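Asker:
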Amino acid sequence: LDTVIKTNLYNIPEKYSKHYKVNFELSRDVIKKRFNMFRKDTSLKMDDMMEFQKVILYYLDFVQKKSFSKLLKLKQDQNNLPIKQYEQSIVYALQQNQVVIVAGDTGCGKSTQVPQYLLLNGYSNIACTQPRRLACISLAKRVGFETLNEYKSDIAYQVRFETNRTKNTKVVFLTEGLLLRQFQSDPNLSMYDVVVVDEVHERHINGDFLLGVLKCLLQHRSDLKLILMSATINIDLFASYFHDAPVIQVPGRLYPIELQYMQHFVQKSELKDKHDRLDPSPYLKVMQLIDKKYPSSERGDLLIFMSGMSEIAAVVEAAKEYAAKSKSWIILPLHSSLSVEEQDKIFDVAPDGVRKCIVSTNIAETSITIDGVRFIADSGKVKEMSYDPQVKMQRLQEFWISQASAEQRKGRAGRTGPGVCFRLYSEEDYCEFSNYSTPEIHRVPLDTLVLHMASLGLRDATRFPFIEPPMKASLVNATYFLKLQNALNTDGTLTPLGRMLSRLPVDIVIGKMLVMGSLFSIIEPILVIATALSVQSPLTKRFDSNAESCDIKRKELFSEHGDPFTLLSAYDEWIIVKSDRRSNSRKWCKHRGLEEQRFYEMSKLKQQFEDLLIDHGLMKKSNIQSNSIERDERNELLKLKREHSLQSNRKRKVLKLESNNGDLSSESDDNLVDINDINFKLRHNLSSLEKSSMRNRKFTHRDIILLKLILSSGLYPQIAVPDETNPWRKQNEQVFHTKDKQFLMLHPTSVYSLHPDFLENLYNTDKASSTDKQTTDGRYIHSRELLLYVSLLETNKPYIVNTARVPALQTLLLLSSSIDTNSDCSTLVFDNWLEMSFETNFDTKLLISSVVQIRSAWDMLLEQKLCIYEDDDEKEIGKKLKSITKLENIVSQKLAEFIDTDISYKLRRISSAEIKHMFIKSLNPNNIDKENTEDLQAHQLFSGKENSEKGGISVTPYLTYGCVVSALDCSVSSGQANFLCEHYHCLKCEKHLICTVVERIQHDKECVLNSLEEESVEISVKLENKTEISCHAVKKESYFCEDCSEEFEFSAVEILKHKKFHKCETTVSNN
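With UniProt numbering, letter number 245 in the sequence shown gets 245, and the count goes up by one each step, no holes.
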């Protein structure tokens, strides 16, 4: 070393200078060159430039050292995480096994560190799934920062609306549903070497299905590695499912939490009838206890877990009164129906000496972390959805939470410091809680899941290896529903429609609505309605003093046609406000209680739907060229976006106290740059959207009917009929019936609940049959419209949700899966629960014939459009396009004529007792009337084969002609003849009666005998007078009746009537 110093081999300076620590270099030659270039234009000297060089170098060095200090602290924090000491154990276990389970408690760092451990140990092509898209984005940013890839693409995210993934990406965070969709194009997931499934304890339906798919895939790919991660996981269940996979348990990093059971706070007055509101006094006592025991100088907020929105409203209302008196609390509700702006308030800071009280559903249990929470008040309740596959109804019911959920709630108090958890139930109650929550796959519809399984080639859903299989009835019903929607063939394979629906990331009914809408020229409004029904409603629930004002301004958007059209109206109005440079769309939404974020989501999803329809040839791509003004505006928007990206993240604001009612709110952000607005205008052509929105306001009556039929084509058979007594009920007591569920009510958020006068057309008797005044039947519904609905939901009452009025005649004839007629087509039965009766016969037969043609052409058009690009030959594609164009014109013309159809009819529900005796086969299964069958087969309009189940002739798979018996025979056979009273007008004697069927038959018997006696007298007189019978007279012949033991002169019609009379008489006597 001495030799090196003496000889100075490395040219080390003899004197030390502090600039030697600077890690940057700015060449003196560059400074001199720049100085010489601008020497004439500046008064600076060369020494000044050299001094400036030092300043720049010191500044850059300062910034770098500041970043290095952050990274140093970051590495220290990483090393202090509990999971750090298990790094080698996790890597070694993965090398030795195909599946590894990491059971890491809250705060151990598993979500951010495990992907990094895999990268450091040579693994690449890593997929990390999360149940929520926001978690994917935030985790990708965090891991990118920790691995110094913040501005690279090595760490990326991929969610439904956006992605920053490239070819160079090594770790991608994506949702479970998106990974499942990648199976369709890549069944072996060859793009991944390791799959990390995080938060498996939440047991979402996509998560459970993904585990089953991965289990099957592991048998075919021995090189694929799988890591399951969760906090409160059922270790035995998951380990045994993956053949005794190794489990690595990692402790969490929580601060001490004091646990107090406060069951004595819950008074008996809280346990009221389910229709009464919750008693909020126990939660006020918790607030009072905190005020008394913990000084206000000790910061710490309170988080209250409630079961639902109504319970939150009760506690918030009482807590605000207490806060107004004490001036020491900020009351903030938190649930999914609130606007994003109101939800973000929970992250703001309370003033000194004031605490936040956040009243939340279980959304705050795992999804978000709120800094500053020190106290937890746990009600021990949760509202969960259950599903009844028989009536296709979801039920929102209140349950006790599981022990795992109770621990998760308690853990919220120890994330950032020591905390206290108040449990408003006893320790004995806690011990009786179930260990884990019910998996979602046991509580939701399985239609989309079964369709997804079919798209992966899994035909029999009942044989799939679920970790905890759902009820077989749920899978069978889902399969039946998909076949009913023409999405599955009889062998379980996908139809062309099913293949298309499997590619759309929405519910089956919404996807089918989109596909059907693409067949016609009004796809734009269908796209808006479909997206509106696929995202959370923009109509939010407000808790502040402006709620009443918002409701008044919101009414101008309501449509008499129903909730889907109200959402369409709101979106169109928002687009027009957005296009007006003088208007502020954010303020416009705020004043009407609308959540603008929902409109942005609708716009993104609408664009995605358009791209999918264009890719499959179901929609033409619009080539819109921008002008110079629009290009200048776009450049200005890009500049604003760059400026916004350079700004710091959202700063936590200080909540302020309002003077009017003691409520607290944050400062307004109306004057800040709205990045959502900028991204929206960059992504969409506002002038094109404005023109489309203006067109939506100019619908003709025919356009409205066509829109309703397209909506019905996706949602059918989800229709409801009004109760027969609704015209005499109060507006808020109207009830409706579906085929499988009776006595449903309109949901309180429905436009029909807020505007009951919109339903007046459902009971417009002026449009009913002209003879209704004489032949009124209490069971008939004098309505020409039905209620179409999106879903059924039961809370404290059963409700129909998202409803629209649709025409009954057109909807039932075009969309029913089963249409049955009597011999003269004066009576039609739809799907075995609705009966439609007509006055005329000939027009009805022609109408049914026209319907058969329209439905056949519609199905053909749909199949051709879906299969157009299966052939690679351009000439063949061109021929198909010409054929499709001709077929479109035919369907449009026929449909337009059918929409204008105006025929008088009556509609009624058929009871379950009646339907058993409604058909010829059910009345006489061993002896079908062959003469009647031959007569039906001879009819030119309705030729086909005999229906072995109902009788009559099967004309098409959905139409059976001549199988329905008369209403009288049906009533007698069903056993209603002895007790069911109804209005009856006898056309023979002109008497109006209220009688049972038995009494009606007895009356008819007397009338028939009287008429026969009169006819016999007339015949005798004619024979005695030897009056010549005209060639136009009805031919009569002798007929001896064995039952009467008497001979008559009857025509053929009179003989049939006489036989029928004795047949009815015999049936009544037997009953």
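We put the beta carbon where it would ideally sit given N, CA and C, even for glycine.
Note that the coordinates shown come from a computational prediction; the quantities given were computed from them, not determined experimentally.
Given E548, which residues of its chain have a CB within under 8 Å of its CB, disregarding the five upstream and five downstream residues?
Answerer: Once the five neighbours on either side are set aside, E548 has no close Cβ partner at all.
Asker: Answer with buried or exposed for P989, where buried requires no fewer than 16 other C-beta atoms within 10 angstroms of its C-beta.
Answerer: The sequence as given places Cys at residue 989; Pro does not occur at that position. Exposed.
Asker: For the 8 Å Cβ check, are there 3 or more pairs between the stretch 523-534 and the stretch 563-575?
Answerer: Flag = yes, the stretch 523-534 and the stretch 563-575 touch.
Asker: Please report the distance separating the alpha-carbon of E695 from that of E573.
Answerer: For the sequence presented, residue 695 should be read as Arg rather than Glu. Taking the straight line from one Cα to the other gives about 12 Å.
Asker: When the cut-off is 7 Å and only beta carbons count, does L846 lie next to chain D?
Answerer: Note that chain D does not occur in the displayed structure, where there is just one protein chain.
Asker: Give the straight-line distance between the Cα atoms of E1054 and D824, rounded to the nearest whole angstrom.
Answerer: So the alpha carbons of these two residues sit roughly 18 Å apart.
Asker: Given a cut-off of 7 Å on the beta-carbon distance, is the pair F919 and K945 in contact?
Answerer: Cβ atoms of F919 and K945: not closer than 7 Å.
Asker: Let me confirm a value: F173 is counted as buried when at least 16 other C-beta atoms fall within 10 Å, else exposed. Which label applies?
Answerer: By the 10 Å Cβ count, F173 comes out buried.
Asker: Mark R805 as exposed unless 16 or more other C-beta atoms lie within 10 angstroms of its C-beta, in which case mark it buried.
Answerer: That one is buried.
Asker: Only counting the same chain, and skipping five residues up and downstream in sequence, which positions put a Cβ closer than 7 Å to that of H204?
Answerer: P131, E176, E440.
Asker: Pull up the DSSP beta-bridge partners for H737, would you.
Answerer: Answer is V721, bridged to H737.
Asker: When DSSP labels each residue in this structure, what does D859 get in the three-state scheme?
Answerer: D859 falls in the helix class under three-state DSSP.
Asker: What ranges does the alpha helix (DSSP H) occupy inside the stretch 562-620, keeping only unbroken runs of at least 4 residues that lie completely in it?
Answerer: Entirely contained in the stretch 562-620, the alpha helix (DSSP H) runs reaching 4 residues are, in chain order, 563-579, 585-591, 596-615.
Asker: Closer than 8 Å is the cut-off here; do at least three beta carbon pairs connect the stretch 414-423 with the stretch 252-260?
Answerer: Touching, per the Cβ criterion.
Asker: With a threshold of 16 other CB atoms inside 10 Å of the CB of Q718, please say whether the residue is buried or exposed.
Answerer: Answer is buried; the Cβ neighbour count reaches 16.
Asker: Check I126 in the structure and name its three-state DSSP category.
Answerer: Here I126 sits in strand by DSSP.
Asker: So what's H992 in DSSP terms, helix, strand or just coil?
Answerer: Strand at H992.
Asker: From G411, N889, Q95, pick the residue whose C-alpha is nearest to that of P246; which is it?
Answerer: Of the candidates G411, N889, Q95, the one whose C-alpha sits nearest the C-alpha of P246 is Q95.
Asker: Going residue by residue through the stretch 102-161, where are the continuous beta strand (DSSP E) segments of at least 3 residues, counting only ones entirely within it?
Answerer: Complete beta strand (DSSP E) runs here, min 3: 126-130, 155-158.
Asker: Within 10 Å of its beta-carbon, does T540 have 16 or more other beta-carbons around it, so buried, or fewer, so exposed?
Answerer: Buried, by the Cβ-count rule.
Asker: When the Cα of S437 is compared with those of M385, Q390, L458, Y480, which residue comes out closest?
Answerer: Comparing Cα-Cα distances from S437 to each of M385, Q390, L458, Y480, the minimum goes to M385.
Asker: Evaluate contact between the stretch 440-452 and the stretch 213-226, counting only Cβ atoms and requiring at least three cross-stretch pairs below 8 Å.
Answerer: They do not touch, by the three-pair rule.
Asker: Three or more beta-carbon pairs under 8 Å between the stretch 626-636 and the stretch 699-708, yes or no?
Answerer: Cβ pair count under 8 Å is below three, so no.
Asker: Determine, using beta carbons only, whether K383 and S307 come nearer to each other than 7 Å.
Answerer: Contact flag set, yes.
Asker: Based on the DSSP output, what are the partners of P333 in its beta bridges?
Answerer: In the DSSP output, where bridge partners are listed per residue, P333 has V359.
Asker: Between I508 and S693, which are expected to be in contact by the criterion C-beta below 8 Å, what is the C-beta distance as a whole number of angstroms?
Answerer: Contact doesn't hold; Cβ gap of about 28 Å is too wide.
Asker: Any chance you could list the alpha helix (DSSP H) runs of at least 4 consecutive residues sitting entirely within the stretch 151-223, in chain order?
Answerer: Runs found: 176-185, 205-220.
Asker: Tell me whether T493 is buried or exposed, calling it buried when 16 or more other Cβ atoms sit within 10 Å of its Cβ.
Answerer: Under this definition T493 is an exposed residue.
Asker: Span of the beta strand (DSSP E) holding T821?
Answerer: Unbroken beta strand (DSSP E) run through T821: 819-821.
Asker: Check the C-beta distance from residue 1099 over to V420 and give it rounded, since I have them as a contact under 8 Å.
Answerer: Since the displayed the chain opens at 1 and closes at 1071, residue 1099 lies outside it and no answer follows.
Asker: Touching or not, the stretch 492-506 and the stretch 465-476, by the rule of three or more beta carbon pairs under 8 Å?
Answerer: With the cut-off at 8 Å, the stretch 492-506 and the stretch 465-476 do not touch.
Asker: For a test of the three-state rule: what should DSSP assign to D273, helix, strand or coil?
Answerer: For D273, the predicted structure reports a pLDDT of 44, less than 50, and the residue's modelled location is therefore unreliable. The matter cannot be settled from this model.
Asker: Is it buried or exposed for Q260, if we count other Cβ within 10 angstroms and need 16 for buried?
Answerer: The residue is exposed, with fewer than 16 neighbouring Cβ atoms inside 10 Å.
Asker: Once you ignore the five residues that flank M46 on each side, which residues in its own chain have a CB closer than 8 Å to its CB?
Answerer: So the list reads K32, F35, once near-sequence residues are dropped.
Asker: Taking the beta carbon of L74 as the centre, do at least 16 other beta carbons fall within 10 Å, making it buried, or is it exposed?
Answerer: That one is exposed.
Asker: Where DSSP assigns a beta bridge to M745, which residues make up the other side?
Answerer: Partner(s): Y799.
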